[in-house]
Structures are given as structure tokens and as C-alpha cells.
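First residue of the sequence shown? That's 5 in the working numbering, and the numbers climb one at a time after it. A short worksheet on the structure shown next.
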Amino acid sequence: MRHGKTVNHLGRTASHRKALMSNMAASLILHKRITTTLAKAKALRKFVEPLLTKSKSDTMHSRRTVFSYLQNKEAVKELFSTVSGKISDRNGGYTRIMKLGFRMGDSAEIAMIELVDFNEFIQTTTKKKTTRRRKPAAPKKAEAAPAAEATSEAPAAESSDAEASAE
5 MRHGKTVNHL GRTASHRKAL MSNMAASLIL HKRITTTLAK AKALRKFVEP LLTKSKSDTM
65 HSRRTVFSYL QNKEAVKELF STVSGKISDR NGGYTRIMKL GFRMGDSAEI AMIELVDFNE
125 FIQTTTKKKT TRRRKPAAPK KAEAAPAAEA TSEAPAAESS DAEASAE
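Right under this line is the structure:
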């Protein structure tokens, strides 16, 4: 039975796993999306979401706490300057995992993990659904009268064009 076994060890020692998650989290923050195996993506999500939550409060203590996990100054700077501004109104669910298929060599399941608020393609294609309202159609008799006038004016316009070309 696997009671209480919430951590996927990924076949690595604790120090190797910690370094792997730190490097992958820094890459995710800097590049906004990375492609990896599904198991690593799920483990990374559990690792990086608390860091993203901690970045909402820009204090020295939270910066040092996040740096102790990431060990990358550029990633911490990007996280607190750019990423935290976009995720400030979100209550959770900062990452999205999309399955991409299977790898050719070993048939491992591949997935892409990305920061949700940084996918411009999805944000520009989805629009808020609105209800279209229009005026009711006008009665048919009112439309028939202007059409008759337009046909009577057309021959007069042609005759004036013929006179102008004759001159």
C-alpha cells in the first residue's frame, strides 16, 4: 500500500531530485513554458506553485525563501518583477500541463508545462461571449417604396451619361 507517499521520487536521490526541481523551476520561470516527461511535470507543479504563491508578497523574507529553493538570481528577479504582477489576482492554478504524446526513443509520455497567464495565444483567441441584440425588422411595405424610386432614377442617370459622352 502507498499510504502517505505523496512525493514522486523520480528514481533519483534526494539531492539529485532537489537539484532537478530547482533547475526545472528556474527554466519554467525564465522561459514561461518547458517540455518534459509527464511525471516530472506533475512533480514540478507541486514544487513551483508554492513558490509562485510566495512571490505575491514582495518582501525580503519571501525573496530569500524563494532563492533558497531556486538558487538562481535571474529567475528570482523575473519571478518577483514580471510573473508576480500577472498572477496577483489568481488564487491558485498558476501552471497548466498539456500532454503532447510519447517520446520516440523510450515511449515516455511527454508533456508541456506552462505558466497560465503567459500564454498569449489562448488569451487572444478566447473572447467573452456576448449576446447580440438588434432592432426588429421593418415592415416589408416600407422597403418596397424606396426600391421603386431607385429603379425610376436609374434610367435617368444612364441618359445623362450618354449625353455627356456624346459631347
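Every residue, glycine too, gets a C-beta built ideally from N, C-alpha and C.
Between residue i and the rest of its own chain, which residues show a CB-CB distance below 8 Å, the 5 nearest in sequence each way excluded?
i: K60; result: S88, I91, S92
i: N12; result: A43, K46, A47
i: G96; result: E53, T57
i: L55; result: A29, V70, Y73, L74, L83
i: R16; result: L24
May I ask which residues mark the beginning and end of the beta strand (DSSP E) holding residue i?
i: R115; result: In the sequence as displayed, the identity of residue 115 is Ala instead of Arg. Per DSSP, A115 belongs to the beta strand (DSSP E) from 113-119.
i: T179; result: Outside the shown range of the chain, which is 5 to 171, sits residue 179, and nothing can be said about it.
i: T69; result: No beta strand (DSSP E) contains T69, which is instead part of the alpha helix (DSSP H) from 64-74.
i: M108; result: Counting along the chain, M108 falls outside any beta strand (DSSP E), and DSSP gives it neither H nor E.
Suppose the cutoff is 6 Å on Cβ atoms and the five residues either side in sequence are ignored; what does the same chain contact list for residue i look like?
i: M102; result: M116
i: A112; result: T41
i: M28; result: L48
i: L83; result: I33, S59
Which first and last residues belong to the alpha helix (DSSP H) in which residue i is found?
i: K77; result: 77-82
Looking at residue i: is its Cβ nearer than 8 Å to the Cβ of residue j?
i: L34; j: A79; result: yes
i: T99; j: V70; result: no
i: R94; j: D121; result: yes
i: E118; j: K9; result: no
i: S26; j: L74; result: yes
Apart from the five residues on each side of it in sequence, which residues of its chain come closer than 7 Å, Cβ to Cβ, to residue i?
i: S246; result: This structure does not reach residue 246, given that the chain is present from 5 up to 171, and the question cannot be answered.
i: K58; result: S66, T69, V70
i: R6; result: none
i: P140; result: none
By the 10 Å Cβ neighbour count, where 16 or more other Cβ atoms means buried, how is residue i classified, buried or exposed?
i: F125; result: exposed
i: K77; result: exposed
i: T134; result: exposed
i: L1; result: Nothing about residue 1 can be reported from this structure: the residues present for the chain run from 5 to 171 only.
i: F106; result: exposed
For residue i, would you say it is in contact with chain D, using Cβ-to-Cβ distances shorter than 8 Å as the test?
i: M102; result: Absent from the structure is chain D; it holds one protein chain and no more.
Would you check if there are 3 or more beta carbon pairs closer than 8 Å linking the region 40-59 to the region 11-23? A contact exists between the region 40-59 and the region 11-23.
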